[in-house]
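S.K.: Chains as they are written, first to last, in this note's numbering: chain Y, 1234 to 1446; chain L, 25 to 246. We put the beta carbon where it would ideally sit given N, CA and C, even for glycine.
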Amino acid sequence: MGLPEYLFLLQGLKWTVLLSCIGFVGGGIAGLMVALARTSGLPVLERATSGYIGLFQGTPLLMQLFVVYYGLSLVGLQFEAWQAVAIGFTLNASAFLGDIWRGSIEAVPRGQTEAARALSLGYVSRMRDVVLPQALRISLPATIGFLVQLIKGTSLASIVGFTELARADNIVSNQIFKPLLVFGVVGAMYFALCWPLSLFGSWLERRLAAPTR
Amino acid sequence: MGYTLDFQPVIAGLPDLLKGCAGTLLLAFSGMILSLAIGIGGVAVRGSSVRTARWAVIAFVELIRNTPFLVQIYFVFFALPLVGIRLPPTPTAIIALGLNGGAYAIEIIRGGVQSIHRGQIEAGLALGLPRRDIFRFVVLRPALRAVYPSLTGQFIMLTLTTSIASAIAAYELTSVAKLIENESFRSFEVYGTITLLYLLMSWGIMQAFGLVGRRYFDYPVK
């Protein structure tokens, strides 16, 4: 395995990082909407978002990518493969992050909301200034845990036919026919991406588990 | 765009798809049993006094949890023949699923074991219970009970992960769907339908775990 092969794999790594970023940012924005709708107290919104979350948590990510990929072209929207895959990851992330953040919002003590109400803060201010900052703190370990899952999940884009890291290794492996070496190197690349995040996540978790005051 | 949905190939392929569901469930349940065994064994080793064994378990868990399943299953698929084990794709997939699920199970069960109060174990020792009984009845069972919900969630994830086994052409729902898609080109209809089938299966497994949990762990706490 020479330099050109490594460069090709690194090219794939670039796409892996890019897809993860798009999924995380897009999914983060949409996930916040989902979490807010899920805790809004309006039965229609709560039931709709609960169904949305259940749908994404109860089906394989691979199927979600396939359905989005073929579904988009079916309704007449022409997207390139990477765009369709990015939309799939964004939707998936919005459901999972929405559920994580719903839990965190509910974990903020009720007294905080009640105090904010007593101070006659409106919904926006109550959420932005009181509840969400505390929820963010609670949600950090799980959010990072999901980010690791998302990075690993981008490998599935290769099955849908998009050249990111896992796909690149398939191509390289077919060319030089040393599959173990290639998959080992690629595994190490994913590991180098995910492990620091995981360590950071568990460090945060330990720190947050310590009493706040 | 004038695209009309045509479910004819899906309906014609329904018997095959249902057989695919059975394949998926077989993969999932074998994978669950293997991961539970690895999980319990791993926790026992991780709590042992042999340092290298402890580190080996930690390394295994970190390695599996920080790499994608797709890479793992390819790795197992190519590595097994090199060590002289030739297996068809489906057993290979079960091994990969078991290794993957096992790493997560170790972490989950370890959390449960840590929640067991030291006094419980000391009480067991004071009663003269053999170490093995202490592990089984004083530590493991209450620990499993404590982490049962997370374990259920993990096993549902494992069930959904089986779809990736289609990458090495193991016999399961996604592989069957790919065959039908290749013949009919009705991609959206086929994948849409099996998405619903997956939803049904994960829902069913959740219900089943709830039932089993209520039976097996339904003993008074105090």
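#1: Any heavy atom of the ligand MN within a distance shorter than 7 Å of the CB on Gly1284/Y?
#2: Does the count of Cβ pairs from the stretch 180-198 of chain L and the stretch 225-239 of chain L closer than 8 Å reach three?
#3: Excluding the five sequence neighbours on either side, which residues of its own chain have a C-beta within less than 8 Å of the C-beta of Tyr1285/Y, listed in chain order?
#4: Can you confirm whether Ala1281/Y, when its beta carbon is compared against all beta carbons of chain L, has any partner nearer than 8 Å?
#5: Skipping 5 residues on each side, what residues in its chain have a beta carbon closer than 6 Å to that of Ser208/L?
#6: Counting only runs of 4+ residues fully inside the stretch 1282-1312 of chain Y, write out the alpha helix (DSSP H) ranges in chain order.
#7: Just checking my contact of Gly63/L with Gly126/L at CB under 8 Å: how many whole Å lie between their CB atoms?
#8: 8 Å is my cut-off, CB to CB: does Cys1254/Y come that close to chain L?
#9: What are the boundary residues of the alpha helix (DSSP H) that includes Ile1392/Y?
#10: Which of the three DSSP states, helix, strand or coil, is assigned to Glu196/L?
#11: Look up Gln32/L in the DSSP assignment and say whether it is helix, strand or coil.
#12: With 16 other CB atoms within 10 Å as the buried threshold, where does Gly55/L fall?
#13: For Met1266/Y, report the span of its alpha helix (DSSP H) as first-last.
#14: Alpha carbons only, please: which of Val200/L, Ile192/L, Pro244/L and Leu235/L is nearest the one belonging to Pro112/L?
#15: Give the residues of chain Y in contact with Ser226/L, contact being defined as C-beta atoms less than 7 Å apart.
#16: Specify the secondary structure class of Ile1377/Y as computed by DSSP and reduced to three states.
#17: Run through chain L and tell me which residues come within less than 8 Å of Gly1447/Y, C-beta to C-beta.
#18: Who are the near neighbours of Arg1446/Y in its chain, counting only those whose CB is closer than 7 Å to its CB and skipping five residues on each side?
#19: Could you spell out where the alpha helix (DSSP H) holding Met1360/Y opens and where it closes?
#20: One question on the structure: do Leu41/L and Ala201/L come within less than 8 Å of each other, judged by their Cβ atoms?
#21: From this set, Gln1367/Y, Phe1322/Y and Thr1323/Y, which residue's C-alpha is nearest Gly1344/Y's C-alpha?
#22: Grab the span of the alpha helix (DSSP H) containing Tyr1423/Y for me, first residue to last.
#23: Could you pull the start and end residues of the alpha helix (DSSP H) that Phe101/L belongs to?
#24: Runs of 3 residues minimum, wholly inside the stretch 1305-1354 of chain Y: which ones carry the beta strand (DSSP E) assignment?
#25: Going along the stretch 1408-1424 of chain Y in order, which residues come within less than 8 Å of chain L, judged by CB to CB distance?
#26: Counting only runs that start and end within the stretch 131-161 of chain L, where is the alpha helix (DSSP H) found for 4 or more residues in a row?
#27: Tyr172/L: which of Thr28/L, Val236/L, Leu87/L and Leu104/L sits nearest, CA to CA?
#28: Is there a Cβ of chain Y sitting closer than 8 Å to that of Gly37/L, yes or no?
#29: Just to make sure I have the definition right: I need the residues of chain Y whose C-beta is within less than 7 Å of the C-beta of Ala103/L. Which are they?
#30: With C-beta atoms as the reference, is Ala117/L less than 8 Å away from Leu184/L?
#31: Measuring only the C-alpha atoms, how far is Met225/L from Leu1236/Y?
#32: Which residues, in order along the stretch 1337-1362 of chain Y, keep a beta-carbon less than 9 Å from a beta-carbon of chain L?
#33: Going by beta carbon distance, what residues of the same chain come within less than 6 Å of Ser187/L, once the five residues before and after it are set aside?
#34: Starting from Thr186/L, trace the alpha helix (DSSP H) in both directions and tell me its first and last residue.
#35: In chain Y, which residues lie less than 7 Å from Glu146/L when you measure between Cβ atoms?
#36: Taking any Cβ of chain A, which residues in the stretch 1382-1397 of chain Y have a Cβ under 9 Å from it, in chain order?
M.R.: Considering the structure as presented:
#1: No copy of the ligand MN appears in this structure; indeed no ligand is present at all.
#2: As far as the Cβ criterion goes, the stretch 180-198 of chain L touches the stretch 225-239 of chain L, which means the pair count is three or higher.
#3: Counting only Cβ-Cβ distances below 8 Å, and skipping sequence neighbours, we find Val1267, Ala1328 and Gly1331.
#4: Not one chain L Cβ lies under 8 Å of Ala1281/Y.
#5: Only residues of its own chain outside the window of five on either side were considered, and among them Pro33 have a CB closer than 6 Å to the CB of Ser208/L, listed in chain order.
#6: Whole alpha helix (DSSP H) segments, 4+ residues: 1294-1307.
#7: Contact between Gly63/L and Gly126/L holds: their C-beta atoms lie close to 5 Å from each other, under 8 Å.
#8: Cys1254/Y does not count as touching chain L.
#9: Taken as a continuous stretch (DSSP letters only), the alpha helix (DSSP H) holding Ile1392/Y covers Ala1390 to Val1393.
#10: In this structure, DSSP gives Glu196/L a state outside helix and strand, which the three-state scheme calls coil.
#11: Note: Gln32/L maps to helix in three-state DSSP.
#12: With 16 or more other Cβ atoms from the protein chains shown falling within 10 Å of its own Cβ, Gly55/L counts as buried.
#13: Per DSSP, the unbroken alpha helix (DSSP H) holding Met1266/Y starts and ends at Leu1236 to Arg1271.
#14: When each option's Cα is compared against that of Pro112/L, the closest is Ile192/L.
#15: For Ser226/L, the neighbours in chain Y by C-beta distance under 7 Å run, in chain order, Gly1291.
#16: Looking at Ile1377/Y - three-state DSSP - the assignment turns out to be helix.
#17: Nothing about residue 1447/Y can be reported from this structure: the residues present for chain Y run from 1234 to 1446 only.
#18: Note on Arg1446/Y: pLDDT 48, under 50, position unreliable in the model; the coordinate value appears next. Here the set comprises nothing.
#19: Looking at the DSSP string, Met1360/Y is not in any alpha helix (DSSP H), and its letter there is neither H nor E.
#20: In this structure, Ala201/L lies closer than 8 Å to Leu41/L by Cβ.
#21: Comparing Cα positions, the closest option is Gln1367/Y.
#22: Where Tyr1423/Y is concerned, the enclosing alpha helix (DSSP H) stretches over Pro1412 to Ala1442.
#23: In the DSSP annotation of this structure, the continuous segment of the alpha helix (DSSP H) that includes Phe101/L starts and ends at Phe93 to Leu106.
#24: The stretch 1305-1354 of chain Y is shown to contain no whole beta strand (DSSP E) run of 3 or more residues.
#25: Within the stretch 1408-1424 of chain Y, the qualifying residues are Pro1412, Leu1413, Phe1416, Gly1417, Val1419, Gly1420, Tyr1423 and Phe1424.
#26: Counting only runs of 4 or more, we get 142-150.
#27: Considering only Thr28/L, Val236/L, Leu87/L and Leu104/L, the residue with the shortest C-alpha distance to Tyr172/L is Val236/L.
#28: With 8 Å as the cut-off, Gly37/L does not count as an interface residue toward chain Y.
#29: For Ala103/L, the residues of chain Y that pass the 7 Å Cβ criterion are Leu1413, in the order they occur in the chain.
#30: Contact: no.
#31: Spanning the two alpha carbons is a distance of roughly 46 Å.
#32: Within the stretch 1337-1362 of chain Y, no residue qualifies.
#33: Its chain contains Thr198 as the residues whose beta carbon lies nearer than 6 Å to that of Ser187/L, once the 5 sequence neighbours on both sides are disregarded; these appear in chain order.
#34: Where Thr186/L is concerned, there is no enclosing alpha helix (DSSP H), because DSSP gives it neither an H nor an E.
#35: Near Glu146/L there are no residues of chain Y at all, since even the closest Cβ is about 25 Å away, more than 7 Å.
#36: Structure shown: chain A not included; protein chains present are Y and L.
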